[in-house]
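These notes concern the structure reproduced below.
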Amino acid sequence: MSLALAAAFSVAPLASAQALPVTYRVATKDPVVFITIDDGIVASQAGLDYVEKHRLPITSFLTSSQVTDSKVRYFERISRWGSVQNHTTTHASLATSDSSLIKAQVCPVQVDFRRTFGTKPWMLRPPYGAGPDGHALNQVARRCHITDIVMWDTVVEQGRISYRYGDGLKPGSVILLHYSANLAVDLKVAVSAARARGLRPANLANYLRAPHEPRTPAVSRRS
Ligand SMILES: [Zn+2]
566 MSLALAAAFS
576 VAPLASAQAL
586 PVTYRVATKD
596 PVVFITIDDG
606 IVASQAGLDY
616 VEKHRLPITS
626 FLTSSQVTDS
636 KVRYFERISR
646 WGSVQNHTTT
656 HASLATSDSS
666 LIKAQVCPVQ
676 VDFRRTFGTK
686 PWMLRPPYGA
696 GPDGHALNQV
706 ARRCHITDIV
716 MWDTVVEQGR
726 ISYRYGDGLK
736 PGSVILLHYS
746 ANLAVDLKVA
756 VSAARARGLR
766 PANLANYLRA
776 PHEPRTPAVS
786 RRS
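Under our numbering, the residues of the sequence shown are numbered 566 to 788, in order.
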């Protein structure tokens, strides 16, 4: 073991007691992937039609400033088999030690979305994927009842799929799309790639459980 590694292990208990889990790929053996769609700038009707036709579970990471009154019903419908989660108020980078900035970006969304969608978010996706392990982010997010930081291991954009790791889509992969005019095409690419690997879209909220529900870690589950 290198000295650096030994040092990392020696501080692990303290760090793990404070750090929220950061998920790039969900630890599961189920043949599932998770489709997540970010931001909320464009409300594509073709995208909604595709989701409703196939009853796809979608986790929407929405930026609250983009959830205008006329788009609320759209996001409700497209997230019907999934959930609406937190992607900040105005899409600022959270890679900062400025707790007041982070608070203004994360905490009002919790109240806002509970009022708008009926459920308080518990997952947070930091804009640009920036700073998910930050100490200030962890402290503030925890205080506002975030329990999971959700990143991704796969991106579909403009009809093209790309992977963070070298092994492509795997059970538990989290796929990032955006609310763009191209959403229907991107969804088809994501679903086709999953099917080609024998995987199906599932609801991320069933795997990263809401705070009030008991967690059932796979490693300790008894049958
Ligand atoms: Zn974003």
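Backbone N, C-alpha and C fix where the C-beta goes; we use that ideal spot for every residue, glycine too.
When the Cα atoms are used, what is the spatial distance from Asp614 to Ser644?
The count along the sequence shown starts at 1 and reaches residue 614 at position 49. The count along the sequence shown starts at 1 and reaches residue 644 at position 79. Rounded to whole angstroms, Asp614 and Ser644 show a C-alpha spacing of 12 angstroms.
Once DSSP output is grouped into helix, strand and coil, what is the label at Ser548?
Because the chain is modelled from 566 through 788, residue 548 falls outside the range shown and cannot be assessed.
Is it true that the stretch 673-689 meets the stretch 709-717, where meeting means three or more beta-carbon pairs spaced less than 8 angstroms apart?
Contact holds between the stretch 673-689 and the stretch 709-717, because three or more Cβ pairs, one in each stretch, are under 8 angstroms apart.
Rounded straight-line distance, which links the Cα of Glu641 to that of Cys709
The residue given as residue 709 occupies position 144 in the sequence shown. The residue given as residue 641 occupies position 76 in the sequence shown. When rounded, the distance between both Cα atoms is 22 angstroms.
Buried or exposed: Ala637, going by 16 or more other Cβ atoms within 10 Å of its Cβ?
Within the sequence shown, residue 637 is the residue found at index 72, counting from 1. Correcting the residue identity first, residue 637 is Val in this sequence and not Ala. Looking at its Cβ environment, which holds fewer than 16 other Cβ atoms inside 10 Å, Val637 is exposed.
Inspect the beta-carbon positions of Thr654 and Thr624 and report whether they are closer than 8 angstroms.
If you number the sequence shown from 1, residue 654 lands on position 89. If you number the sequence shown from 1, residue 624 lands on position 59. No, they are not a contact pair.
Can you have a look at Pro586 and say buried or exposed, based on whether 16 or more other CB atoms are within 10 angstroms of its CB?
Counting from 1 along the sequence shown, the entry for residue 586 is found at position 21. Under the 10 Å beta carbon count, Pro586 is surrounded by fewer than 16 other beta carbons and is classified as exposed.
Within 7 angstroms: the Cβ of Pro697 and any heavy atom of ligand 1?
Residue mapping note: residue 697 aligns to position 132 of the sequence shown, counting from 1. Look at Pro697: its beta carbon is at least 7 angstroms from all of the heavy atoms in ligand 1.
Along the beta strand (DSSP E) that carries Ile740, what are the first and last residues, could you check?
The count along the sequence shown starts at 1 and reaches residue 740 at position 175. It spans 738-743 - the beta strand (DSSP E) in which Ile740 sits, taken as one unbroken run.
When the Cα atoms are used, what is the spatial distance from Ala701 to Ala660?
Locating residue 701 in the sequence shown gives position 136, where the first residue counts as 1. Locating residue 660 in the sequence shown gives position 95, where the first residue counts as 1. Their backbone Cα atoms lie some 9 angstroms apart in a straight line.
Residues of its chain near Gly694, where Cβ-Cβ distance is below 8 angstroms and the 5 sequence neighbours each way are ignored:
In the sequence shown, counting from the first residue as 1, residue 694 sits at position 129. Apart from the 5 residues on each side of it in sequence, Gly694 sits with its Cβ closer than 8 angstroms to the Cβ of Met716, Trp717 in its chain, given in chain order.
Considering only DSSP beta bridges, list what Phe599 is partnered with.
Here residue 599 refers to the residue found at position 34 when the sequence shown is read from its first residue. Answer is Val739, bridged to Phe599.
Is Tyr615 helix, strand or coil when you go by DSSP?
By 1-based counting over the sequence shown, the position of residue 615 is 50. Correct three-state label for Tyr615: helix.
Starting from the Cα of Arg680, find the closest Cα among Val632, Ser662, Gln723, Arg760 and give me that residue.
Residue numbering aside, residue 680 sits at position 115 when the sequence shown is read from its first letter. With distances taken between Cα atoms, Arg680 lies closest to Val632.
Does Val676 pass the burial test, meaning 16 or more other C-beta atoms within 10 Å, or should it be called exposed?
If you number the sequence shown from 1, residue 676 lands on position 111. Exposed.
Residues that Met688 bridges to, as DSSP identifies them:
As a first step, residue 688 is located in the sequence shown; it is residue number 123 there, counting from the start. For Met688, the beta-bridge partners assigned by DSSP are Asp713.
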